[in-house]
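Student: Sequence positions in the sequence shown follow full-length UniProt numbering and run 1 to 176. From the three backbone atoms N, C-alpha and C, an ideal C-beta is built for every residue, glycine too. Treat the numbers as computed from the prediction; the structure is a model and nothing was measured.
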Amino acid sequence: MTVDDLPTEGTGPAPRKETGRGTRPGGDKPLVYSCSGCSSAAQLANTLAIRLDRLGVAEMSCIAGLGGDVPSLVRLARSGRPILALDGCPLVCVQATLRRHDITPDGHVVLSRYGVRKRRHADFDEEDAQRLLPVATTAVAALTAATAAAPNASTDDEGAGTEPASGAQKSSRQDL
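(1) Cα separation between alanine 146 and leucine 111?
(2) Could you give the residue range of the alpha helix (DSSP H) that holds serine 40?
(3) Residues bridged to aspartate 87 by DSSP?
(4) In the structure shown, what three-state DSSP assignment does valine 32 receive?
(5) With a Cβ-Cβ cutoff of 9 Å, do leucine 73 and serine 61 count as a contact?
(6) Whole angstroms is fine: what's the gap from glycine 107's alpha carbon to aspartate 123's?
(7) With a threshold of 8 Å, are at least 3 pairs of Cβ atoms found where one atom belongs to the stretch 94 to 105 and the other to the stretch 125 to 133?
(8) Can you tell me which of Ala148, Thr137, Gly88, Val109 puts its alpha carbon nearest to the alpha carbon of serine 36?
(9) Would you tell me roughly how many angstroms separate the C-alpha atoms of glycine 56 and leucine 84, rounded to the nearest one?
(10) Cutting at 7 Å between CB atoms, please list the residues of its own chain near alanine 136, excluding the five before and the five after it.
(11) Are isoleucine 63 and cysteine 93 touching if we call contact CB-CB under 9 Å?
(12) Return the residue from the list Leu76, Arg113, Arg78, Ile103 that minimises the CA-CA distance to leucine 91.
(13) CB-CB under 6 Å to leucine 67, same chain, minus the five flanking residues each way: which ones, in chain order?
This is the structure we're talking about:
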């Protein structure tokens with residue numbers, strides 16, 4: 001929020017500025033869910049998701065709200081838009097939270113597979129953020145391309161597909 005976004009006294013809220021993303025934030029862009037736990041790896045995943053959102057290539061949504069069964073966030077996750085899961089470590093909490101709702105992400109990046117160390121009570125290294133932002137943007141681009149080519153295609157950094165949970169759409173996976 002900038003000073004220009006603040007309401008002028010007595011005039012009500014400032015008009016919403018056009019974001020260039022259509023009538024609703026994110027439109028049909030892929031959704032990105034990230035870990036946002038207390039470790040450095042978790043905060044790196046969260047930062048990467050925020051940067052994807054601010055770059056306008058994906059719409060970040062709230063994994064905590066999905067875990068809390070917030071109806072509007074569950075509907076968004078089930079909307080059929082491609083989903084990228086960004087997990088910081090091998091615990092893959094984002095993937096597990098999505099599975100609680102029978103949702104299999106179309107793409108999944110686990111930062112520890114890219115050499116990111118999980119540290120408690122420490123910030124992530126900005127060098128890792130700079131190094132891994134292209135990995136995340138490539139994952140989003142692959143989702144976008146796969147969706148355009150075949151609406152049910154998906155990508156995964158694991159190198160192999162996983163079967164969707166019951167009730168979820170079956171998808172073919174594509175390596176990054």
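Tutor: On the basis of the data shown:
(1) Residue 146 sits at position 146 when you count from the first residue of the sequence shown. Residue 111 sits at position 111 when you count from the first residue of the sequence shown. One C-alpha to the other measures close to 22 Å.
(2) To locate residue 40, count along the sequence shown from 1; it is residue 40. Taken as a continuous stretch (DSSP letters only), the alpha helix (DSSP H) holding serine 40 covers 40 to 55.
(3) Translated into positions along the sequence shown, residue 87 becomes position 87. Aspartate 87 pairs with Val110.
(4) Position 32 of the sequence shown, counted from the start, is the residue given in the question as residue 32. When DSSP states are grouped into helix, strand and coil, valine 32 belongs to the strand group.
(5) To locate residue 73, count along the sequence shown from 1; it is residue 73. To locate residue 61, count along the sequence shown from 1; it is residue 61. Cβ atoms of leucine 73 and serine 61: closer than 9 Å.
(6) In the sequence shown, residue 107 corresponds to position 107, counting from 1. In the sequence shown, residue 123 corresponds to position 123, counting from 1. Straight-line measurement puts the Cα of aspartate 123 at about 26 Å from the Cα of glycine 107.
(7) Counting Cβ pairs under 8 Å, fewer than three are found: no touch.
(8) Translated into positions along the sequence shown, residue 36 becomes position 36. The residue from Ala148, Thr137, Gly88, Val109 with its alpha-carbon nearest to that of serine 36 is Gly88.
(9) Translated into positions along the sequence shown, residue 56 becomes position 56. Translated into positions along the sequence shown, residue 84 becomes position 84. If you take the alpha carbons of glycine 56 and leucine 84, they lie about 14 Å apart.
(10) Taking the first residue of the sequence shown as position 1, residue 136 is located at position 136. Cβ neighbours of alanine 136 beyond the five flanking positions: Leu48, Leu52, Leu86, Val109.
(11) As a working note, residue 63 is residue 63 in the sequence shown. As a working note, residue 93 is residue 93 in the sequence shown. Yes, they are a contact pair.
(12) Stepping through the sequence shown from its first residue, residue 91 is reached at position 91. The shortest C-alpha separation from leucine 91 is found at Arg113.
(13) Counting from one through the sequence shown, the residue named residue 67 turns up at place 67. Sequence inspection shows glycine at residue 67; the leucine mentioned does not correspond to that position. Within the same chain, Thr97 come within 6 Å of glycine 67 by CB-CB distance, once the 5 residues on both sides are set aside.
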